[in-house]
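Chains as they are written, first to last, in the working numbering: chain A, 5 to 308; chain B, -17 to 246. Positions of the beta carbon are idealized from the N, C-alpha and C atoms, including for glycine. Each remark here refers to the structure printed beneath this line.
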Amino acid sequence: MPTDHAIEIRGVVKHYGAIRAVDGLDLDVPTGTCLGLLGPNGAGKSTTLRLLTAQSIADRGEITVLGHPVPSESKQARAQMGVVPQLDNLNVELTVRQNLSIFTRLYRVPRGERRAAVDRALQQAQLTDRADSKVDKLSGGMRRRLLIARALVHHPRLVLLDEPTVGLDPQVRQELWALIDGLRAQGVTILMSTHYIEEAQRLADDVAVMSHGTLIAHDPPARLLAAHAGRSAAEFYGPPPRLAEIEALAWAAGFTTRRTGPSVSVLRAEDMPDSLADALGDGGLRRAASLEDVFVVLTGAEEA
Amino acid sequence: MTTAGSARRLRRFEPAALAGVLTHELTLFKRFWPSNTFASVVEPTIYLLAFGFGFGSLVAVVDGYRYIDFVGTGVVATSVLFTSAFTGLFQTFFRRTHQGIYDAVLAAPVDTHELVLGEALWSSLRSGVYGCAPLLVAVAFGLRPGPGVVLVPVIAFVTGLGFALFGIWLSAVIPSIDAVNYIISAVLTPLFLVAGTFFPLDRLPQWAQHLAQVNPLYHCVELVRHAVFGLRPVSDLRHLAALLVFAGVMWTLAVRKMRKRLID
């Protein structure tokens, strides 16, 4: 049946022994959009991605990828998607070009198009001048770009990215963001689990927040901000007893707070009445509310 | 812009998937063929020379054959074992646990059974080629094979297929690489010693002779000797059937266990 969703997940449950890694997950990813999947460690993000490639099999529920039920037609779905794993699984004994050439075969790129496909992927990942370098001679950023290039050799309609920029320096991360943004501009559907909230905020059309295997929020970043954190936050610094006092006053007035080390932020500061601002002292340091505020409010975790 | 694989329904067994896995192996082989070839050819050849000339100086004729000819044909099986089972065991273990290469392959349109078959086919192709090396050395020392010798690569291929799958299965059974020591000492060494490679089985106790009947390497040794010195159609069909059954059983076990390891 034709659908405008590249991914449809309905009531999926996955156990590992006594651990319920995914717990009744429902998630749609519209075709041509980028969905950022956020969640604390152990929230079920990586398991969800493995379920989509049938490298993990759900105990219950239904999964459809690019119109194909998974796992029964997962091979057909995998032929049209690219996967960038969290852990580097390149063949380090081979060159960049050899790594890509092998995957043109695995992805059934027609014989006459293989060389061009490799050259295009090299160009996309800005690795053309390193095509004949052995993978173990590449920097961490280049290896990650190669992982992305490997996922793109066959013009996939869907790309799954599992923590694509984890452990990379800010400059390399920016380069990869440009690469991912370019894919989105070409109409490729992207599902990206990420540790970096800024990454989701910059790249994703929609953000889904997972916690304990379930989806606890799913909206465009702006709507999530509006619903859970407002436009601005007031940040207060002081000794722990003072921070506790500020929290108590804010809660009493119906405001949500977020503790970050030596400070406490009062969310929706734009709605703060003068009486509360006076009670809190100097009104705090104003800053724009962020998706990180939303994430912490929803999951109680300080890190995605 | 076209997406590869989108136009048609993919079958359970895709020649393209096997070709992809074999391309991976061939690419690696082009890089590492000297060391691969050295290990697979030299070790059995050393066995051949050591036993052939060592024992050969004490025992001139065994079972009606010159001892160097007896060992030269027997060591083919040893070469096949080294090329297939050891590769299947070590290489598969490291690719699965340390390199994550199989995770990458299975994210592409390749299923576990295609991956396992591709890996085993490559090992058995190498067995088919490397298995002939001891024979060539024996020829240099005076072995005069019959026309059936052309079947030796085929016998080595079929045996190699079973043992490659055996190695892949074991790689998925063992909890850590340390367990390989137990497998080499308790399984692989007895297999190649009780196969009629270096001495005839009728010198062994009755129970060991019975046990040898279920040793696939024994059937390989018998087939190779018969191919070189004269085929015996009835018993050779029995030996071939034993090797095919071994490969079939190992295929089932290897695919089942690898699927458990790779798909959670």
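Residue from the options whose Cα sits closest to the Cα of residue i
{"i": "B/S22", "options": "B/V58, B/A(-1), B/V43, B/L0", "result": "B/V58"}
{"i": "A/P160", "options": "A/R24, A/L295, A/Q80", "result": "A/Q80"}
{"i": "A/G144", "options": "A/R235, A/V170, A/A121", "result": "A/V170"}
{"i": "B/T60", "options": "B/A194, B/P116, B/A209, B/V3", "result": "B/P116"}
{"i": "B/T65", "options": "B/M232, B/L103, B/G130, B/Q191", "result": "B/L103"}
{"i": "A/K18", "options": "A/A135, A/G36, A/H9, A/G46", "result": "A/G46"}
{"i": "A/F259", "options": "A/A281, A/G43, A/P244, A/Q205", "result": "A/A281"}
{"i": "A/G48", "options": "A/T37, A/T57, A/R246, A/S197", "result": "A/S197"}
{"i": "A/D133", "options": "A/W181, A/R115, A/T99, A/E117", "result": "A/T99"}
{"i": "A/V96", "options": "B/Q81, B/F68, B/I159, B/F75", "result": "B/Q81"}
{"i": "A/P73", "options": "A/A58, A/D63, A/V163", "result": "A/A58"}
{"i": "B/F123", "options": "B/S109, B/L30, B/L40", "result": "B/L30"}
Burial state of residue i (16 or more Cβ within 10 Å)
{"i": "A/I194", "result": "buried"}
{"i": "B/I150", "result": "buried"}
{"i": "A/R272", "result": "buried"}
{"i": "B/A168", "result": "exposed"}
{"i": "B/H192", "result": "exposed"}
{"i": "B/F181", "result": "buried"}
{"i": "A/N103", "result": "buried"}
{"i": "B/K242", "result": "exposed"}
{"i": "B/A(-14)", "result": "Confidence in B/A(-14) is poor, its pLDDT being 48 and thus under 50, which makes the residue's placement unreliable; the coordinate value appears in the next sentence. The residue is buried, with at least 16 neighbouring Cβ atoms inside 10 Å."}
{"i": "B/D51", "result": "buried"}
{"i": "B/F68", "result": "buried"}
C-beta neighbour in chain B for residue i, strict 8 Å
{"i": "A/P89", "result": "yes"}
{"i": "A/I194", "result": "no"}
{"i": "A/Q59", "result": "yes"}
{"i": "A/K79", "result": "yes"}
{"i": "A/A283", "result": "no"}
{"i": "A/E97", "result": "yes"}
{"i": "A/I184", "result": "no"}
{"i": "A/A189", "result": "no"}
Own chain residues within Cβ distance below 8 Å of residue i, not counting five before or after
{"i": "A/L302", "result": "V213, S215, I220, A221, H232"}
{"i": "A/R101", "result": "V122, L126, A135, D136"}
{"i": "B/S217", "result": "E204, H208"}
{"i": "B/V131", "result": "L117, A209, V210"}
{"i": "A/G186", "result": "Q128"}
{"i": "A/W181", "result": "T169, E203, R206, L207"}
Under 8 Å between C-beta atoms of residue i and residue j
{"i": "A/T52", "j": "A/L41", "result": "yes"}
{"i": "A/H313", "j": "A/Y200", "result": "No statement about residue 313 of chain A is possible, as the shown extent of chain A runs from 5 to 308 and does not include it."}
{"i": "A/I13", "j": "A/L29", "result": "yes"}
{"i": "B/P91", "j": "B/L(-8)", "result": "yes"}
{"i": "A/Q130", "j": "A/R118", "result": "no"}
{"i": "A/V270", "j": "A/P168", "result": "no"}
{"i": "A/L247", "j": "A/R263", "result": "yes"}
Own chain residues within Cβ distance below 6 Å of residue i, not counting five before or after
{"i": "A/E251", "result": "T261, V268"}
{"i": "A/R24", "result": "G217"}
{"i": "A/E66", "result": "R14"}
{"i": "B/Y200", "result": "A177, G178, A194"}
{"i": "A/I184", "result": "L207"}
{"i": "B/G113", "result": "V58, S61, V62, A138"}
{"i": "B/S153", "result": "L71, T74, F75"}
CB contact check: residue i to chain A, cutoff 8 Å
{"i": "B/T9", "result": "yes"}
{"i": "B/G82", "result": "yes"}
{"i": "B/A21", "result": "no"}
{"i": "B/P91", "result": "yes"}
{"i": "B/V87", "result": "yes"}
{"i": "B/L(-8)", "result": "yes"}
Nonlocal neighbours in the same chain, by C-beta distance under 7 Å from residue i, ignoring five residues either side
{"i": "A/L229", "result": "A293, L295, V298"}
{"i": "A/G191", "result": "G36"}
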